[in-house]
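To convert a position in the sequence shown, counted from 1, into this note's numbering, add 772.
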Amino acid sequence: MTLIRLVPEEPFSCWSGVYGVARVQRRQALPGLYALELEDCSGSREVLYRAPMDESGAPRPPGEGGVVRVTVTRAQTAKGRWYYRVDALEPTGVDSTLRLLPHRLCPVPGVLERLYRLMDEAITRPALRLFLDRVFGDPVRIAPFVTIPASDDCHHVEPGGLLQHSLELVEAVGRVVREPDSAGLVRQGVLIGALFHDLGKVAPAVLGRTPFWRREHALLNKPLLEREFSQLREEDSEAWQLLHYVFGVIEGSVDGNRIPEAQLIAAHDRYSAARDARRLAFRGAPEWRRISVLRPSTGGPPRIFYRTGSDAYPLERR
773 MTLIRLVPEE PFSCWSGVYG VARVQRRQAL PGLYALELED CSGSREVLYR
823 APMDESGAPR PPGEGGVVRV TVTRAQTAKG RWYYRVDALE PTGVDSTLRL
873 LPHRLCPVPG VLERLYRLMD EAITRPALRL FLDRVFGDPV RIAPFVTIPA
923 SDDCHHVEPG GLLQHSLELV EAVGRVVREP DSAGLVRQGV LIGALFHDLG
973 KVAPAVLGRT PFWRREHALL NKPLLEREFS QLREEDSEAW QLLHYVFGVI
1023 EGSVDGNRIP EAQLIAAHDR YSAARDARRL AFRGAPEWRR ISVLRPSTGG
1073 PPRIFYRTGS DAYPLERR
């Protein structure tokens, strides 16, 4: 299946895939001609579709918000204009909720495609792929996960920062845990744990007020995934046991010694947060400054950061 961003641009090239229908607009040039905006996690593309007629002679275009399987050709009009023509279209079910996330959902361009590529390449166990599809199939939970910042003023404070921070952990842990076990289960479970290690931060948008402080968000990870964990337990008990243990390490209820790879999540979490906090601390500071302080508005001690290279700047520039 071709991602929208990767559709071929060559004359008369053909491609196919499963996409969401973001917009349906009737064109007056020909009866039954519609402009469809197809989209997935990587972007959107306008195509022209000649809708079939029903028994009464009315056209039957696909509905907005639906999912369709299409075959498209890059064609040319009599006046020489190139366009994308739909040769075949049929409604279908969602085969990958992660790939069909609307690209415009996340305020950071390209991050949803990056998420899809990472998970599609790394997660191969069928039960865990189903687990991911179910998690990303819930818009109430996923909309805040891909849009909110990771923190108020400490690190990854921009909209979409939570997802960016989570992907940094997935990439970092994936680089370290290179040698999988015989079935690859440990590596896949740890990567899913890294992706959802901060899922509890969306609890206010999903659960409303809770008795937990913001810093205790890790305790809400498993409750937010309770339905998916129950289904995983029925389908693949070994994957459920491992994932349950990994999330226990994240929340601090187990020590992590039985699966040392799970302890990498906390280490890379601190590193990713501190690295971005240093960026914030030096944002707007002169180039010669070597030490800067970040004072969280939520309380706690000030955080002091250091950067190298300042000795290269002459005194007259300081």
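The C-beta atom is built at its ideal place from N, Cα and C for all residues, glycine as well.
Quick caveat: nothing in here was measured; it's all calculated off a predicted structure.
Within the continuous beta strand (DSSP E) that includes Ile1076, where are the two ends? Position 304 of the sequence shown, counted from the start, is the residue given in the question as residue 1076. Where Ile1076 is concerned, the enclosing beta strand (DSSP E) stretches over Arg1075 to Tyr1078.
Report the rounded CA-to-CA distance for Glu764 versus Glu862, giving the unit in angstroms. Residue numbering for the chain in the displayed model covers 773 to 1090; residue 764 lies beyond these limits and cannot be assessed.
Using a threshold of 8 Å, state whether the C-beta atoms of Ala990 and Gly1024 are closer than that. Locating residue 990 in the sequence shown gives position 218, counting from the first residue. Locating residue 1024 in the sequence shown gives position 252, counting from the first residue. In contact: Ala990 and Gly1024 (Cβ atoms closer than 8 Å).
>> Just to confirm before moving on: does the CB-CB distance between Ser875 and Ser828 stay below 8 Å?
In response: What you label residue 875 is simply residue 103 of the sequence shown in a count that begins at 1. What you label residue 828 is simply residue 56 of the sequence shown in a count that begins at 1. First, the amino acid is wrong: residue 875 is His here, not Ser. Going by C-beta atoms, His875 is not nearer than 8 Å to Ser828.
Original post:
In this structure, does DSSP put Asp859 in helix, strand or coil?
Top reply: In the sequence shown, residue 859 corresponds to position 87, counting from 1. Of the three classes helix, strand and coil, the one that applies to Asp859 here is strand, per DSSP.
Proximity of Arg799 and Tyr806 at Cβ, strictly below 8 Å: Translated into the one-based positions of the sequence shown, residue 799 becomes position 27. Translated into the one-based positions of the sequence shown, residue 806 becomes position 34. Going by C-beta atoms, Arg799 is nearer than 8 Å to Tyr806.
* Do you know offhand how far Val858's Cα is from Val840's? -> Your numbering for residue 858 matches position 86 in the sequence shown. Your numbering for residue 840 matches position 68 in the sequence shown. Between Val858 and Val840, the C-alpha separation is close to 11 Å.
Q | From Ala1049, Phe784, Ile1037 and Pro1058, residue whose alpha carbon lies closest to that of Pro1068 | A | Along the sequence shown, read from residue 1 onward, the residue named residue 1068 stands at position 296. Of the candidates Ala1049, Phe784, Ile1037 and Pro1058, the one whose C-alpha sits nearest the C-alpha of Pro1068 is Ala1049.
* To do: From the DSSP output, in three-state form, read off Val949 for me.
  => Numbered from 1 along the sequence shown, position 177 holds the residue referred to as residue 949. Here Val949 sits in coil by DSSP.
Would you list, in sequence order, the uninterrupted beta strand (DSSP E) runs of no fewer than 3 residues that lie entirely inside the segment 898-925?
-> none
| message | Between which two residues does the alpha helix (DSSP H) holding Val1092 run? | response | Here the chain has residues from 773 to 1090 only, and residue 1092 is not among them.
Which residues does DSSP pair with Thr845 in a beta bridge? By one-based count along the sequence shown, residue 845 stands at place 73. Note: Thr845 sits in a beta bridge opposite Cys786 and Arg857.
When burial is assigned at 16 or more other CB atoms within 10 Å of the CB, is Pro833 buried or exposed?
Taking the sequence shown and counting its residues from 1, the one referred to as residue 833 is at position 61. Pro833 is buried by the Cβ-count criterion.
Bridge partners of Glu809, per DSSP?
-> For the purposes of this step, residue 809 is identified with residue 37 of the sequence shown, where counting begins at 1. Beta-bridge pairing links Glu809 to Arg795 and Glu818.
Fill in: Ser788 vs Val866 beta-carbon contact at 8 Å
Working through the sequence shown from its first residue, we reach residue 788 at position 16. Working through the sequence shown from its first residue, we reach residue 866 at position 94. Cβ distance not < 8 Å, so Ser788 and Val866 don't count as in contact.
Practice prompt. Can you tell me which of Asp892, Arg1042 and Glu1059 puts its alpha carbon nearest to the alpha carbon of His927?
Written response: By 1-based counting over the sequence shown, the position of residue 927 is 155. Closest option to His927, Cα to Cα, is Arg1042.
**Message:** Let's see if you can read the secondary structure: which residues bound the beta strand (DSSP E) around Leu1066?
**Reply:** Translated into positions along the sequence shown, residue 1066 becomes position 294. From DSSP, the beta strand (DSSP E) with Leu1066 extends over Ile1063 to Leu1066.
Q) What is the DSSP secondary structure of Pro1032, counted as helix, strand or coil? A) For the purposes of this step, residue 1032 is identified with residue 260 of the sequence shown, where counting begins at 1. Pro1032: helix per DSSP, three-state reduction.
How many Å lie between Thr982 and Asn993 at the Cα? Position 210 of the sequence shown, counted from the start, is the residue given in the question as residue 982. Position 221 of the sequence shown, counted from the start, is the residue given in the question as residue 993. Looking at the two C-alpha atoms, the distance is approximately 13 Å.
Just mark Lys851 as buried or exposed, buried being the case when its beta carbon has 16 or more other beta carbons within 10 Å. Within the sequence shown, the letter at position 79 stands for residue 851. So Lys851 ends up on the exposed side.
Looking at the structure shown, is Pro879 part of a helix, part of a strand, or coil, going by DSSP? What you label residue 879 is simply residue 107 of the sequence shown in a count that begins at 1. DSSP places Pro879 in coil when its eight states are reduced to three.
Self-check item: Cβ neighbour criterion (16 or more within 10 Å) applied to Met891
Solution: Taking the first residue of the sequence shown as position 1, residue 891 is located at position 119. Classification of Met891: buried, given that the 10 Å Cβ count is 16 or more.
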